[in-house]
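**Q**
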Amino acid sequence: MHLIRSLTSVAFLSSHSSNIVAETVYLIIASYIIRIFLVSS
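Sequence positions in the sequence shown follow the numbering used here and run 30 to 70.
This is the structure:
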């Protein structure tokens, strides 16, 4: 479950540096993981 760990670290970074780039990266990673779940199911 390293995906959850990476999501947590990204969320941690984006929350501590309210940066638009960090939030964009978080959204990209989240949509990528959701896409993996949809394909694997």
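Cβ atoms here follow ideal geometry from the backbone N, Cα and C, with glycine treated the same way.
1) Once the 5 residues before and after Ile58 are set aside, which same chain residues still bring their CB inside 8 Å of it?
2) Return the CA-CA distance between Val54 and Ser69, expressed in angstroms with no decimal places.
3) Rounded to a whole number of angstroms, what is the C-alpha to C-alpha distance between Asn48 and Ile33?
**A** Short version:
1) Ser35, Leu36 and Val39
2) 23 Å
3) 21 Å
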